[in-house]
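Each remark here refers to the structure printed beneath this line.
Protein chains: 2
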Amino acid sequence: MEFSDAKQKFIQSWGALGSQWGINKTMAQIHAFLMISPESVSMEEIMDELKISRGNASMNLRALIDWGIVYKDYKQGERREYFYAEKDLDEMAIKISRERTKREIKPALKVLKEVSSIPANKTTKEKHFKQQTTSLYKFVAKADNALEKITEYNDNWLGKLLKKLIT
Amino acid sequence: MEFSDAKQKFIQSWGALGSQWGINKTMAQIHAFLMISPESVSMEEIMDELKISRGNASMNLRALIDWGIVYKDYKQGERREYFYAEKDLDEMAIKISRERTKREIKPALKVLKEVSSIPANKTTKEKHFKQQTTSLYKFVAKADNALEKITEYNDNWLGKLLKKLIT
DNA sequence: TTGAATTTTCAAAAAAAAATGAAAGTTTAG
DNA sequence: CTAAACTTTCATTTTTTTTTGAAAATTCAA
Chain A
1 MEFSDAKQKF
11 IQSWGALGSQ
21 WGINKTMAQI
31 HAFLMISPES
41 VSMEEIMDEL
51 KISRGNASMN
61 LRALIDWGIV
71 YKDYKQGERR
81 EYFYAEKDLD
91 EMAIKISRER
101 TKREIKPALK
111 VLKEVSSIPA
121 NKTTKEKHFK
131 QQTTSLYKFV
141 AKADNALEKI
151 TEYNDNWLGK
161 LLKKLIT
Chain B
1 MEFSDAKQKF
11 IQSWGALGSQ
21 WGINKTMAQI
31 HAFLMISPES
41 VSMEEIMDEL
51 KISRGNASMN
61 LRALIDWGIV
71 YKDYKQGERR
81 EYFYAEKDLD
91 EMAIKISRER
101 TKREIKPALK
111 VLKEVSSIPA
121 NKTTKEKHFK
131 QQTTSLYKFV
141 AKADNALEKI
151 TEYNDNWLGK
161 LLKKLIT
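So this is what it looks like as structure tokens:
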């Protein structure tokens, strides 16, 4: 396979994967492009490479920065901003995990705690509801906990996790 | 909080969560409704409760069945089909994990293997591309492996994982 | 300051995804 | 078989999400 085909394929696939993960396609594509760029890259170049508008590039770059997986770079005597991706995969995965936890798991826990607190009496339906949402709360809380512990190591967490799993 | 409010809130929130995870809202809502239903439920009831069309209900129920987290139930002497959700949360999480792995991680690995196989020579860009996609491949493969190991226990995997993490 | 270079914002347009509903298909009791 | 009961399909419509692009805002060198 040619380099340019490989690059294209990688960017497209990363974009498609992003969509499945609730991240928009362009955001994932910009991320892919930055990951494979050895130097930091201007918005202009990104627009050009991905054939997207300035507004789109600007908004999605900001989102990536908010997620903490892309950084700005200022070059000596230049107005223009340059961007580069977090390239340490451990670090990247931890940041994504933390962000998703904050945005998705924490709010879910809040709701589960709330709805599982209804009085347990009355109908079978109510009892069952309380019971199910309570287990769900416990389960999600436990998972959240596990995730926190796993990424706590920071350095080479995935390797360490694997080691623990083997024994 | 009233039971009916709690139920509403749970279904709505589960639906919203689904969207963030690349699962469509209705599918997640049907799943939520089934999880809190003590008895298996007909399509009619689902349509009624969630205010959705027959076609929508039919398609999303099928998707849930494909994922292996909802089952059909046939009642003695009745034409109508009834549905119920997998209620064992360990089992449910394992099924979701397996399905997502199959649909997302495996194809991603295939692409990463492919694109990281370009010849390593020539420009810095090409070298960097090869290097990045190779690390990415290794990382994702490792994560896939860990996930497989974690869910391998089947019974109470989350509890067991947590125990391993503590030591 | 000023103004050119650059980025951000956001209303409108376009694209993508999801939902509808009626017709077609399937199943089974009689 | 037949027909009623029920489910599935899919072209069309609706809703949601994403993208565009031009105007407004910002930044900084001179």
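First to last, the sequence lines map onto chains A and B.
Count the first sequence with UniProt numbering and you get residues 1 to 167, in order.
Count the second sequence with UniProt numbering and you get residues 1 to 167, in order.
Beta carbons are placed, not taken as given, at the ideal position from N, Cα and C, and that holds for glycine.
Please read these numbers as outputs of a predicted model, since none were measured by experiment.
1) Along the alpha helix (DSSP H) that carries residue 48 of chain A, what are the first and last residues, could you check?
2) What in chain B is Cβ-close to residue 111 of chain A, meaning under 8 Å?
3) Could you tell me the alpha carbon to alpha carbon distance between residue 161 of chain A and residue 138 of chain B, rounded to whole angstroms?
4) Between the C-alpha atoms of residue 33 of chain B and residue 64 of chain B, what's the straight-line distance to the nearest angstrom?
5) Looking only at C-alpha atoms, which of B:80, B:159, B:3 sits nearest to residue 36 of chain B?
6) Using Cβ-Cβ distances below 9 Å, what residues of the UniProt domain "HTH arsR-type" (29-72) of chain B are close to chain A?
7) I'd like to know whether the C-beta of residue 26 of chain A is nearer than 9 Å to at least one C-beta of chain B.
8) Chain B partners of residue 117 of chain A, CB-CB under 9 Å?
9) Mind checking whether residue 142 of chain B and residue 167 of chain A have CB atoms under 9 Å apart?
10) Might you give, ordered along the chain, the residues of its own chain that have their beta carbon closer than 8 Å to the beta carbon of residue 73 of chain B, omitting 5 neighbours on each side?
11) Please work out which residues of its chain come closer than 8 Å, Cβ to Cβ, to residue 58 of chain B, disregarding the five sequence neighbours upstream and downstream, and give them in chain order.
12) Relative to chain A, which residues along the stretch 141-159 of chain B have a C-beta separation below 7 Å, given in chain order?
13) Do residue 133 of chain B and residue 116 of chain B have their beta-carbon atoms positioned less than 9 Å apart in this structure?
14) Decide if residue 159 of chain A is buried, meaning its Cβ has at least 16 other Cβ atoms within 10 Å, or exposed.
15) For residue 103 of chain B, would you say it is in contact with chain A, using Cβ-to-Cβ distances shorter than 9 Å as the test?
16) State the Cα-Cα distance for the pair residue 98 of chain B and residue 151 of chain B, rounded to the nearest angstrom.
17) Identify the continuous alpha helix (DSSP H) that holds residue 148 of chain A and give its terminal residues.
18) Ignore the nearest five residues each way along the sequence and tell me which others in residue 153 of chain A's own chain have a CB closer than 7 Å to its CB.
19) Given that residue 132 of chain A touches chain B, what residues does it touch there, using C-beta distances under 8 Å?
20) At a CB-CB cut-off below 8 Å, which residues of chain A make contact with residue 22 of chain B?
21) So, with DSSP's three-state summary, where would you put residue 120 of chain A?
22) Check residue 104 of chain A in the structure and name its three-state DSSP category.
23) Does residue 168 of chain A come out as helix, strand or coil in the three-state DSSP assignment?
24) Taking residue 69 of chain B and residue 50 of chain B to be in contact with their CB atoms under 8 Å, please state how far apart those CB atoms are, rounded to whole angstroms.
25) What is the residue span of the beta strand (DSSP E) that residue 81 of chain A lies within?
26) Taking all protein chains shown into account, decide if residue 13 of chain B is buried (16 or more other Cβ within 10 angstroms of its Cβ) or exposed.
27) What separation, rounded to the nearest whole angstrom, lies between the Cα atoms of residue 96 of chain A and residue 8 of chain B?
28) Which whole-angstrom value is the C-beta distance of residue 22 of chain B and residue 19 of chain A, which I expect to be below 8 Å?
29) Helix, strand or coil for residue 155 of chain A, going by three-state DSSP, please let me know.
30) Is it right to say residue 60 of chain B is buried, meaning 16 or more other beta carbons lie within 10 angstroms of its own, or is it exposed?
31) Tell me the residue span of the alpha helix (DSSP H) that contains residue 67 of chain B.
Looking at the coordinates:
1) As a first step, residue 48 of chain A is located in the first sequence; it is residue number 48 there, counting from the start. It spans 43-50 - the alpha helix (DSSP H) in which residue 48 of chain A sits, taken as one unbroken run.
2) As a first step, residue 111 of chain A is located in the first sequence; it is residue number 111 there, counting from the start. By Cβ distance, chain B contributes 9, 10, 13.
3) For the purposes of this step, residue 161 of chain A is identified with residue 161 of the first sequence, where counting begins at 1. For the purposes of this step, residue 138 of chain B is identified with residue 138 of the second sequence, where counting begins at 1. Roughly 15 Å between the two C-alpha positions.
4) Residue mapping note: residue 33 of chain B aligns to position 33 of the second sequence, counting from 1. Residue mapping note: residue 64 of chain B aligns to position 64 of the second sequence, counting from 1. When only Cα atoms are considered, residue 33 of chain B and residue 64 of chain B end up about 12 Å apart.
5) Here the question's residue 36 of chain B lines up with position 36 in the second sequence. When each option's Cα is compared against that of residue 36 of chain B, the closest is B:3.
6) 35, 36, 37, 38, 39
7) Counting from 1 along the first sequence, the entry for residue 26 of chain A is found at position 26. It does not; no Cβ of chain B falls within 9 Å.
8) Mapped onto the first sequence, residue 117 of chain A falls at position 117. Within 9 Å Cβ-Cβ: 1, 6.
9) Sequence index remark: in the second sequence, residue 142 of chain B carries index 142 (1-based). Sequence index remark: in the first sequence, residue 167 of chain A carries index 167 (1-based). Contact flag unset, no.
10) Your numbering for residue 73 of chain B matches position 73 in the second sequence. For residue 73 of chain B, where only same-chain residues beyond five positions count, the Cβ hits under 8 Å are 40, 81, 82, 83, 84.
11) Against the second sequence, residue 58 of chain B aligns to sequence position 58. Excluding residues up to 5 positions away in sequence, 43 lie with their Cβ nearer than 8 Å to the Cβ of residue 58 of chain B in the same chain.
12) 142, 143, 145, 146, 149, 150, 158
13) As a position in the second sequence, residue 116 of chain B is number 116, starting the count at 1. As a position in the second sequence, residue 133 of chain B is number 133, starting the count at 1. Yes, Cβ-Cβ distance for residue 116 of chain B and residue 133 of chain B is below 9 Å.
14) Sequence index remark: in the first sequence, residue 159 of chain A carries index 159 (1-based). It counts as exposed.
15) Reading the second sequence from its first residue, position 103 is the one you call residue 103 of chain B. Taking Cβ atoms only, chain A reaches closer than 9 Å to residue 103 of chain B, which makes this a yes.
16) The count along the second sequence starts at 1 and reaches residue 98 of chain B at position 98. The count along the second sequence starts at 1 and reaches residue 151 of chain B at position 151. Rounded to whole angstroms, residue 98 of chain B to residue 151 of chain B spans 9 Å at the Cα level.
17) Counting from one through the first sequence, the residue named residue 148 of chain A turns up at place 148. That run of the alpha helix (DSSP H) goes 124-152.
18) Here residue 153 of chain A refers to the residue found at position 153 of the first sequence. Here the set comprises 160.
19) The count along the first sequence starts at 1 and reaches residue 132 of chain A at position 132. The contacting residues are 35, 36, 87.
20) Taking the first residue of the second sequence as position 1, residue 22 of chain B is located at position 22. Within chain A, 19, 20, 21, 22 have C-beta atoms less than 8 Å from the C-beta of residue 22 of chain B, given in sequence order.
21) Here the question's residue 120 of chain A lines up with position 120 in the first sequence. If DSSP states are grouped into helix, strand and coil, residue 120 of chain A belongs with coil.
22) Sequence index remark: in the first sequence, residue 104 of chain A carries index 104 (1-based). Helix at residue 104 of chain A.
23) In the structure as shown, chain A starts at 1 and stops at 167, and residue 168 of chain A therefore has no counterpart that could be examined.
24) Taking the first residue of the second sequence as 1, we reach residue 69 of chain B at position 69. Taking the first residue of the second sequence as 1, we reach residue 50 of chain B at position 50. In fact, because the Cβ distance is near 17 Å, the residues do not count as touching under 8 Å.
25) The residue labelled residue 81 of chain A in the question sits at position 81 within the first sequence. From DSSP, the beta strand (DSSP E) with residue 81 of chain A extends over 81-85.
26) The residue given as residue 13 of chain B occupies position 13 in the second sequence. Buried is the call here.
27) Here residue 96 of chain A corresponds to residue number 96 of the first sequence, with the count starting at 1. Here residue 8 of chain B corresponds to residue number 8 of the second sequence, with the count starting at 1. Their Cα atoms are separated by approximately 30 Å.
28) Reading the second sequence from its first residue, position 22 is the one you call residue 22 of chain B. Reading the first sequence from its first residue, position 19 is the one you call residue 19 of chain A. At roughly 7 Å, the Cβ-Cβ gap stays under 8 Å, so residue 22 of chain B and residue 19 of chain A are in contact.
29) Numbered from 1 along the first sequence, position 155 holds the residue referred to as residue 155 of chain A. Of the three classes helix, strand and coil, the one that applies to residue 155 of chain A here is coil, per DSSP.
30) Locating residue 60 of chain B in the second sequence gives position 60, where the first residue counts as 1. Buried, by the Cβ-count rule.
31) Numbered from 1 along the second sequence, position 67 holds the residue referred to as residue 67 of chain B. Looking at the DSSP string, the run of the alpha helix (DSSP H) that includes residue 67 of chain B is 54-67.
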